[in-house]
Amino acid sequence: MFVACGSGSGGGGPQPISVSISPKRAAVVAITQTARFGATVTGDPQNGVTWSVDGVIGGNAAPGTISTTGLYTPPATAGTHTIRATSTADTTKSASATIAVTDLSGVTTYHNNLARDGANTQEYALTTSSVSTTTFGKLFSCPVDGAAYTQPLWVPGLNIGGQLRNAIFVATQHDSAYAFDADANPCAPLWQADLLDATHGGTPGEMPVPTGDVGSGYQDIQPEIGVTGTPVIDQTSGTLYVVGKSEGPVGTFHQRLHALDLVTGNEKFAGPIDITASVPGAGDGSVGGVLTFDVRNQGQRGALTLVNGIVYIVWASHEDHDPYHGWLLGYDAATLAQVAVFNADPNGSRSGIWMAGGAPAVDDSGNLYVSTGNGTFDGNSPAPPNNDFGDTVMKIGTSSGLSLDDWFTPFNQAYLNGLDLDLSASGVVVLPDQTSGPAHLLVAGGKEGRLYLLNRDAMGNYCASCTTSDSNILQSFLAAPAISGTPAFWQNKLYLGGTSDNISLFTFDPPTGNFSTTASSQSATSFPFPGPTPSVSAQGASGGVLWAIDSSRYGVPSAFGLGPAILHAYDAANLATELWNSSQAASVVRHN
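Residue numbers (our numbering): 868 to 1459.
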């Protein structure tokens, strides 16, 4: 503030007292993270203030406490609180700030949780009122050494060098993994792990796989392939699990499962381990009745999953380059020993587990749900071999190894397969348990743009007599031109981002057990290929913000040109209301 004094030789009287506070908004993690506030009192040389939280001088255990120097210590419970600095010289003058406290334990797996519904209901700082061009934007950025196809993961309160830090983890196609301080501005790297150096299992001359050395020449990922699938984190053991791919010497390919220490980035559990597998079968690429995992052709796109101490990994291919199959492998998280092997088409071909980079969805019993793409289907055959499941949603039991416990294949599987309309172009989502009708539901979709609502206890298998629709399942309808991402689900609202389409909100009606087939609202923005994977942040059942990334110009040259990915934020109750996007406001400063 600037106050002009009277002119002339007589000078002026004392400046009126006013109070300002910095920052105006802040967010912390319950118990582990403090926040420093500062106050400036204009007109008081002593700069004296009294600090309070929610009207309580010094605060208390319920809203958190604040010291006489402005250091706020949050409570154990989540919520939003008001910090106030009141002038001691004139108690009618004060300034306030808002602080949000979250009790979110971390984002340690793809799409926020094992259901893969993309909902974070423990968000107290970002609301429909606080996400705007005047109050929200980029504070800082952190450079990495290659394209990042992995979802960033977040762990709060990590003790690094005796200091508690909130950390962000990301891996790149250059076979690197990073940890960054989530709050430091400018960016503060905590560690970088080169997954190809000797300490991480690499050999001299190894490099990320040049794009032209795999695939069919389309170069869907450029210019190199290293880490593509999103890692998974075990907070109990402090471990990040990630799969890297490399080549070296030329023509020799490697895929390895790494277990990295969250604090140092060093390998744990005598890792990494080379990924190998085989099953009995006469499928494409088999030799002597044995089908062996093809390190070169198998593309590890799907995110990793951690369930009951087992790390599960899925594979498809690079650009449909044969031979490839839909592999699902399980590794003991504590020893990295391979403990389970499943193949979606041991006597056929293809059937990759793509899911747009999504992870297997998991129910409360530890069952995995995955979908496969184009490939051989003979699951309805009365005689063996009848264990090939192209274009199928599968329920995989984990109680004893991996077993196919139930499945659904669309009636028009042959049509989908013939026109390259992979069912596995979209991730699958486990819905919350219902109190009426079928209790256990699942949503899936694919390139045809059809949304499927399945009963997880009776998935329907295959309807050989169906000619126009799948009467053996709960519901299906055309919801988008194509679906190439994982939908989000929150408060009986499904957020579906189609390819070259707007994001649509489809409401679920529990009494009928069906979705409305007409969108109740849509985003004004259309998302080009590949389309978005939306997510929701909210305070429980209220204040939802729908987030989505337009990555159509990121990474690979396309008809859309080259450029940064754009982050969009919408009111989750009405997608026609866009709150903010990163092209509107590139950056903001902290509010003082």
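We put the CB at the ideal spot given by N, CA and C, even for glycine.
Quick caveat, the model's predicted, so the values are computed rather than measured.
1) Have a look at the DSSP bridge pairing and note the partners of R1123.
2) For I1478, I'd like the list of residues in its chain whose CB is within less than 8 Å of its CB, leaving aside the five on either flank, ordered along the chain.
3) For the alpha helix (DSSP H) that A1211 lies in, which residues bound it at each end?
4) Give the straight-line distance between the Cα atoms of S1083 and V1146, rounded to the nearest whole angstrom.
5) With a threshold of 16 other CB atoms inside 10 Å of the CB of F1427, please say whether the residue is buried or exposed.
6) If you draw a straight line from the alpha carbon of L1361 to that of F1375, how long is it in whole angstroms?
7) Rounded to the nearest angstrom, what separates V1157 and A1144 at their Cα positions?
8) Starting from G1312, follow the beta strand (DSSP E) in both directions and report where the run begins and ends.
9) Sorted by chain position, which residues of the same chain lie with C-beta nearer than 8 Å to A1183's C-beta, five sequence neighbours on each side aside?
10) Which residue's Cα is closest to the Cα of Y1179: A1228, R1217 and V920?
11) In the DSSP output, which residue or residues are listed as bridge partners for Y1179?
12) Alpha carbons only, please: which of A1349, L1025, A906 and T1384 is nearest the one belonging to T1400?
13) Output the distance between the C-alpha atoms of I884 and L1298, rounded to the nearest integer angstrom.
14) With respect to the alpha helix (DSSP H) encompassing Y1282, which residues constitute its N-terminal and C-terminal limits?
15) Please report the straight-line C-alpha distance between P881 and A956, rounded to a whole angstrom.
16) Counting C-beta neighbours from all protein chains within 10 Å, is the total for R903 16 or more, i.e. buried, or is it exposed?
17) Quick one: measure Cβ to Cβ for N1253 and N1328, integer angstroms, because I've assumed they're closer than 8 Å.
18) Contact check, L1345 vs N1322 under 8 Å by CB: the rounded distance?
19) In angstroms, rounded to a whole number, what distance separates the CA positions of V908 and A986?
20) Going by the DSSP bridge assignment, what does S1248 pair with across the sheet?
21) Let's test the definition: count the other Cβ atoms within 10 Å of the Cβ of K1135 and tell me whether it reaches 16, buried, or not, exposed.
22) Alpha carbon to alpha carbon, how far is Q1342 from L1363?
23) Below 8 Å, how does it come out for the stretch 1382–1397 and the stretch 1426–1443: are there three or more Cβ pairs, yes or no?
24) Measuring only the C-alpha atoms, how far is S1008 from N1381?
25) Let me know the secondary structure DSSP gives M1222 once reduced to three states.
26) Are three or more beta carbon pairs between the stretch 998–1005 and the stretch 1026–1034 nearer than 8 Å?
27) Taking the straight line between their C-alpha atoms, what separation do you get for G1257 and D1289?
28) Taking buried to mean at least 16 other C-beta atoms within 10 Å of its own C-beta, is K1005 buried or exposed?
29) Among K1262, A1250 and A1223, which has the Cα closest to the Cα of D1231?
30) When burial is assigned at 16 or more other CB atoms within 10 Å of the CB, is V1456 buried or exposed?
31) Between T917 and T1066, what straight-line distance do the alpha-carbon atoms span, to the nearest angstrom?
32) Thinking C-alpha only, which one of D1012, L1413, P930 and I1140 is nearest G822?
33) Tell me which residues share the same chain as T995 and place their Cβ nearer than 7 Å to its Cβ, disregarding the 5 neighbours each side in the sequence.
34) In chain order, what are the residue ranges of uninterrupted alpha helix (DSSP H) at least 4 long that sit wholly in the stretch 1037–1101?
35) Is the beta carbon of D1255 sitting closer than 9 Å to the one on P1305?
Walking through what the data contain:
1) The partner list for R1123 (beta bridge, DSSP) reads G1111 and D1141.
2) For residue 1478 there is no data in the structure shown, the boundaries of the chain being 868 and 1459.
3) Where A1211 is concerned, there is no enclosing alpha helix (DSSP H), given that its DSSP letter is neither H nor E.
4) 26 Å
5) exposed
6) 7 Å
7) 10 Å
8) L1308 to G1312
9) Q1165, G1166, R1168, G1169, Y1191, G1193, G1219, I1220, W1221, G1240 and S1291
10) A1228
11) T1172 and G1197
12) A1349
13) Cα to Cα, I884 sits roughly 56 Å from L1298.
14) Unbroken alpha helix (DSSP H) run through Y1282: Q1280 to G1285.
15) Going by C-alpha positions, P881 is about 13 Å away from A956.
16) exposed
17) So it is not a contact: roughly 11 Å between Cβ atoms.
18) With a Cβ gap of about 21 Å, L1345 and N1322 do not count as contacting.
19) Across the structure, V908 and A986 are spaced so that their CA atoms are roughly 42 Å apart.
20) DSSP, once it has assigned bridges, lists no residue as partnering S1248.
21) buried
22) 16 Å
23) yes
24) 42 Å
25) helix
26) no
27) 9 Å
28) exposed
29) K1262
30) Residue confidence for V1456 is low, a pLDDT of 42 falling below 50, so the modelled location carries little weight; the figure read from the coordinates is stated next. Label assigned to V1456: exposed.
31) Taking the straight line from one Cα to the other gives about 54 Å.
32) What the structure shows of the chain is the stretch from 868 to 1459, and residue 822 is not part of that stretch, so it cannot be assessed.
33) G1410, V1412, D1438 and L1446
34) none
35) no
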